[in-house]
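Student: One structure follows; several queries about it will come next.
Protein chains in written order, with the UniProt record's numbering: chain D, 1 to 290; chain X, 1 to 1216.
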């Protein structure tokens, strides 16, 4: 804290909390050091990716850009065309093997994200477990949660807390962790999101976080209110829609409209996949029982 | 010492506080007596009649009087209202040192250098007693606050206590002759009215001051031996208790504090000392540089002291009286005495929370100064000035509201101020390094940071932010970003009050209030002449604040005003609507109800909520000149119009708001020239020519009028005006008008008539009126004037106006916001009549059409006797899937992962669920559909799963929520658990949350009943079936609920069967017999009474129509047995019975014997009489003829008829 003001603080915060457009709009920050400028660009392009503007990212980043940006471009390519993901992954592996750039934190982060999408947690952790940046540690927490290994997630979280307990990512990661382990910890997750909502402008991410906490605590009515507020902010946010489907079921309302909306806008969403696999599962079970 | 007021003057020798008003008298060495208002800081009056120094002065307790005594040997009694000296008491033979009124009798006691003390009656203006005994100057004498005693101090080194009981008796009962006789004797022999009771010896030098304790038998004295002595007395004797040493020079004055257990003394050593009266130790010393102290005074009621010195006086108090408090939602935490207390605004409940450490009385002003509360942690931070600023952190235990005296070991630390800034975080100011320490609840430092400005206090400013105060500015500092979010130049800020939404902040200084936004953008500044004490925001964004003697408001634009006057200062804690919650100086919560109308009105105006303004005007609780002036000043004359009755003010307001029509009305009412004139000016400004004309006509202002006609081109009226001028013999006006009209002849005529013949001649000849000119020339004769040469004359003709007559385009007058929009049309209540459907009885042509759909008793009756299914279900889990075999993690050649081994993935929650549960619903939620189906098959014999498909999918879908974690990475799905409570331990998986629960089914049942009542059978059947389809997948907690579920199955089954039959009956129009049978069977389903009545009614009418009178009369009888509440039903039934009695036969034979108990086959709808063989559905318990065995149950559409089943398992309590 003895250091000077952190110029990228707001940008980073906005990005982490899902205020992507705000992050992009407020990215013009004067007097940045070259490293900060690269980080700034990474955040901006990752925000574009989060908004789904893959092509913009691919065309904006040229071959002369820094390694970190190239990695971001790789992520955009991976997400934009699932058909060509094989080639993307192979070039990713190639870069990772290159000892000169293989250690780049952003590259490793992107590798973690891509391998997570591939559900190859082993490969993902190979590159991310060493940590080094808050982003990498947070990603590790998430990977471990995905693997249902909350013990490992907790260790990662401790590392983050030691480094900076009040960092937005640390707080977010604690919330993820708390939600994953459940029980009394859910209240803490709720309070973390509550803190965010008091401190920063509301985003879908924060509202969803609160809503999920509410649902976990069995408070579906409040969750519904929060989710509808989120839907007001972004009518196409996949998580809002997915959670609304779940929440509506619990409050005894029809969920079909949200589900078809989600199917239309995000056919690849986990919920959609789960539902269709469940349908098959049901038919199979009926067959087996007959 | 907290100095409240200070004066600069000549040496102050005497002081006296007024009991009620904020006044103090100071008598000066120069001979002047000053009367000060120490609250406003103003000199109210000065009394200058003594010659030489005035040493003693004293206010009367209740009368507007004060007494003074000076070196001129005179005692003067003054009336401060009349500013005059009422009279002078003469008698003393030397300087007078002190004077004092008695609290009850019309007496004054005076002490003088003539070695006597005298008691005077100020009503009879005589000396009633002379107390002799001292053999040196008497420096002071005063009455005891209750008893008949006087204490005096003298330079003869003694303090004397005098008993004046005899004097009191003499005055009080003068009628008592015996007494009077003895007293007369006494008077003769030199006065024994007052006798010396005790002589207190102990001081080594002359004693300057002695005074009584207000309640206890104690005396304190100060002397030139630099000592303060404490004396105690009883009925018989008095003795020295202790000596307080410390003063370095003569002690001038010493007193007991009125409220605290302390002694205050001052001295010529230029110091005031405060002593603990019980421990007899020095507490504090206040020094002045150059001024010797001469006199002390204590306020009789308030916590105030005053001291006079060489160059003026000071009014001060020793300790702050503001209780430390913190607000959180509906609750207030505050420190009182040695307890933290809690007050709930909504219930006004006040309770003690925890004891807090009481600072040792080692020095003053160590009580809690500020308090910060964290609602999430339920913890308080209490800051005080102890050890140069320190804080204590207390955690309030959950079951805190008790009377425990046990003082919690608080976590402590030093620091200028400490406040909570976030959950589990508080900030402590470290003044020496200008750093802020962020600590957690364990009191461990988490972070350190340097503040952007030299800060002497920090305040809360939203989560993670600090408001730092320095001498002349405040900044908001973001601790995380290390950024200054805003700064503002302010006077020294004492208190910071945030609005409820944290959008605005009020910064309170001694005499200033600054309102700013959350980024410290300045909004407005208010200056007060007296001290600002406290404030709070109301729900509308109005800041309500208190000064020493007022409650005031401040609107967002800076307008302020007084709401109420105060007797004593209060500290506002919260404002809701018109209720102010506050703490007083004794730490008591008080509620003050205020009239908020004025500021709400002004706020509404400001916010342009005119409808609100309008309604307030209509209900008019407010008016008065001040409000009108305010409205005028704020540019709302049209609003003010609504308040005013006085026509003149109304007229002025109307003009100001440009409301001509109102102005005209008012002007007509007043009918004065001035008003008409003003009206004319305004109308002219607006271009309303008609009104201008009207106004000019009214004032008979012909010149203006003619000019108006000229410019409006109204030549007719102009010539008429010329005529009028002629009639009035107004030559000038006539000429004017002629000129305007361009009427040369007329002009010449006028000039001629007026005797201006040369002018008339020239005019006529220039304009070519030659005949007239010649006539005039002849009249003029020699005096013919010469005509101007070389110029071509032309007639000036007024230009024709573009628009003739009427009004000009009007100036846009601001349309009153209040015009229109005032009608509050009452919206007619929409009566939503339920449309009664006559489905039930429309086939009967008797008068049964008025069936009402009322009184359905929705509540399920507590039917006992649902057969208990007590079979324990032995359940083995061996057919569950085991988690798949996991790959052993492979180590990679990569350098980074050489030591790192990827952990094996853990077990997903739904697998845990699936392993743990033997309830079908939970298995479905976990996604193990086949297990769920197998369970249902085994328990309930269910084979047809198609109707359950959507339930399965919903259960599964509803079992997880989705959390977007890291940007662009896959979503995390989280298992939702049932029965969460806040003490659940993490990492232990509860059962899955299910989307169906029993209460939903009860709701559905009600809906089903309602649909049945209104005759929507298809709808009702759908609802009942859906209940039947949901029950297999419902989980309840208790055994009792299991029984309820089982009862529900039976109830619903009966309805489903009945409705299926009824619908079937309607389909087959042709077969009358079968129709009758089905209608009859329907009456044997177990229905709610209202439904049974309707079913009976329907069966009765069907049979009656088919001429089966005997059967119909049976239904009628049964109907009557239910005591129908609808009279028409009963009437019909009685008519049917009457009809049947005449002809007790049946036309057709029905397969229906109501005397023989039976159940109905769910598939074929035939009665199965008692004793006949049947099979039943293992789930819904519907009965069937044996031939149906092995088919899917037609009632529930799920289970196989006659299949083996272990019974419904729907609660974990059944498994345990």
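Quick reminder that beta carbons are idealized off the backbone N, C-alpha and C, glycines included.
Whole angstroms is fine: what's the gap from residue 542 of chain X's alpha carbon to residue 131 of chain D's?
Tutor: Cα-Cα distance, rounded: 52 Å.
Student: Could one say the Cβ of residue 415 of chain X lies closer than 8 Å to chain D's Cβ atoms, at least one of them?
Tutor: Taking Cβ atoms only, chain D never reaches closer than 8 Å to residue 415 of chain X, which makes this a no.
Student: Using a Cβ-based criterion (distance less than 7 Å to any ligand heavy atom), does residue 787 of chain X qualify as near the ligand ADP?
Tutor: As presented, the structure is devoid of all ligands, the ligand ADP included, so that no description of it is given.
Student: State the beta-bridge partners of residue 307 of chain X as determined by DSSP.
Tutor: Answer by DSSP bridge pairing, in chain order: X:296 and X:314.
Student: For residue 76 of chain X, count neighbouring C-beta atoms within 10 Å of its own C-beta (all shown protein chains included) and say buried if the count is 16 or more, exposed if not.
Tutor: It counts as buried.
Student: Near residue 55 of chain X, what residues of its chain come up, given a Cβ to Cβ distance below 8 Å and the 5 sequence neighbours on each side ignored?
Tutor: Contacts found: 13, 14, 27, 69, 70, 71, 95, 96, 97 and 98.
Student: From the DSSP output, read off the bridge partner residues of residue 100 of chain X.
Tutor: Beta-bridge pairing links residue 100 of chain X to X:109.
Student: So what's residue 1197 of chain X in DSSP terms, helix, strand or just coil?
Tutor: Coil at residue 1197 of chain X, not helix or strand.
Student: Less than 8 Å between CB atoms is the rule here; does residue 22 of chain X satisfy it with respect to chain D?
Tutor: With 8 Å as the cut-off, residue 22 of chain X does not count as an interface residue toward chain D.
Student: Quick one: grab the DSSP three-state call for residue 574 of chain X.
Tutor: Correct three-state label for residue 574 of chain X: strand.
Student: My output table needs one value for residue 162 of chain X: the three-state DSSP class, helix, strand or coil.
Tutor: Looking at residue 162 of chain X - three-state DSSP - the assignment turns out to be strand.
Student: Going by the CB atoms, is the gap between residue 23 of chain D and residue 43 of chain D shorter than 8 Å?
Tutor: In this structure, residue 23 of chain D lies closer than 8 Å to residue 43 of chain D by Cβ.
Student: Which value, in whole angstroms, describes the spacing of the CA atoms of residue 435 of chain X and residue 501 of chain X?
Tutor: So the two alpha carbons sit approximately 29 Å from each other.
Student: List, from N- to C-terminal side, the alpha helix (DSSP H) runs of 4 residues or more that fit wholly inside the UniProt domain "COPA/B TPR" (613-771) of chain X.
Tutor: Segments of the alpha helix (DSSP H) lying fully in the UniProt domain "COPA/B TPR" (613-771) of chain X: 625-633, 637-640, 647-657, 660-670, 673-686, 689-699, 702-712, 715-727, 731-741, 744-753 and 757-766.
Student: Would DSSP call residue 1007 of chain X helix, strand or coil?
Tutor: If DSSP states are grouped into helix, strand and coil, residue 1007 of chain X belongs with the helices.
Student: Would you say residue 954 of chain X lies against chain D (beta-carbon separation less than 8 Å)?
Tutor: Chain D contact via Cβ: present.
Student: Spatial neighbours of residue 286 of chain D within its chain, please: CB distance less than 6 Å, with the 5 preceding and 5 following residues excluded, ordered by chain position.
Tutor: Closer than 6 Å at Cβ, skipping near neighbours: no residue.
Student: As a quick exercise: from D:182, D:83 and D:5, pick the residue whose alpha carbon is nearest that of residue 31 of chain D.
Tutor: For the residues D:182, D:83 and D:5, the minimum Cα distance to residue 31 of chain D belongs to D:5.
Student: Would you list the one or two residues that DSSP bridges to residue 487 of chain X?
Tutor: Residue 487 of chain X is bridged to X:475.
Student: On a Cα-Cα basis, can you pick out the residue from X:131, X:228, X:156 and X:319 that is closest to residue 197 of chain X?
Tutor: It is X:131.
Student: Let me know if residue 736 of chain X comes out buried or exposed under the rule of 16 or more other beta-carbons within 10 Å of its beta-carbon.
Tutor: The residue in question, residue 736 of chain X, is buried, as its Cβ has 16 or more Cβ neighbours within 10 Å.
Student: Using a Cβ-Cβ cut-off of less than 7 Å, list which residues of the stretch 161-172 of chain D approach chain X; keep chain order.
Tutor: Those would be 165 and 166, in chain order.
Student: Kindly indicate which three-state DSSP category residue 355 of chain X falls into: helix, strand or coil?
Tutor: Strand, per DSSP.
Student: When you compare each of X:930, X:1136 and X:915 to residue 1120 of chain X by their alpha carbons, which one comes out closest?
Tutor: For residue 1120 of chain X, the nearest C-alpha among the options comes from X:1136.
Student: What is the DSSP secondary structure of residue 873 of chain X, reduced to helix, strand or coil?
Tutor: The predicted position of residue 873 of chain X is uncertain, since its pLDDT is 41 and thus under 50; no value can be drawn from it.
Student: According to a CB-to-CB cut-off of less than 9 Å, which residues of the stretch 32-53 of chain D neighbour chain X?
Tutor: Within the stretch 32-53 of chain D, the residues whose Cβ lies closer than 9 Å to some Cβ of chain X are 46, 47, 49 and 50, listed in chain order.
Student: For residue 585 of chain X, I'd like the list of residues in its chain whose CB is within less than 6 Å of its CB, leaving aside the five on either flank, ordered along the chain.
Tutor: Here the set comprises 321.
Student: Mind checking if residue 933 of chain X is an interface residue toward chain D, Cβ cutoff 8 Å exclusive?
Tutor: Yes, because at least one Cβ of chain D sits closer than 8 Å to the Cβ of residue 933 of chain X.
Student: Given a threshold of 16 other Cβ atoms within 10 Å of its Cβ, counted over all protein chains shown, does residue 727 of chain X qualify as buried or as exposed?
Tutor: By the 10 Å Cβ count, residue 727 of chain X comes out exposed.
Student: Would you call the stretch 556-572 of chain X and the stretch 518-526 of chain X touching, i.e. three or more CB-CB distances under 8 Å?
Tutor: They touch, by the three-pair rule.
Student: Given a threshold of 16 other Cβ atoms within 10 Å of its Cβ, counted over all protein chains shown, does residue 1169 of chain X qualify as buried or as exposed?
Tutor: Per the 10 Å Cβ criterion, exposed.
Student: Give every residue of the same chain whose Cβ lies closer than 8 Å to the Cβ of residue 990 of chain X, excluding the five residues on either side of it in the sequence, and list them in chain order.
Tutor: So the list reads 977, 978, 979, 980 and 984, once near-sequence residues are dropped.
Student: So, does the CB of residue 852 of chain X fall closer than 8 Å to a CB anywhere in chain D?
Tutor: Its pLDDT being 43, under 50, residue 852 of chain X is placed unreliably by the model, and nothing is read from it.
Student: Under 8 Å, with one C-beta from each stretch per pair, do the stretch 201-208 of chain D and the stretch 224-237 of chain D reach the 3-pair mark?
Tutor: They touch, by the three-pair rule.
Student: Residue 87 of chain X by DSSP, collapsed to three states: which one?
Tutor: Three-state DSSP puts residue 87 of chain X in a strand.
Student: Based on Cα-Cα distance, which residue from X:64, X:30 and X:58 lies nearest to residue 48 of chain X?
Tutor: Taking only the C-alpha atoms, the option nearest residue 48 of chain X is X:30.
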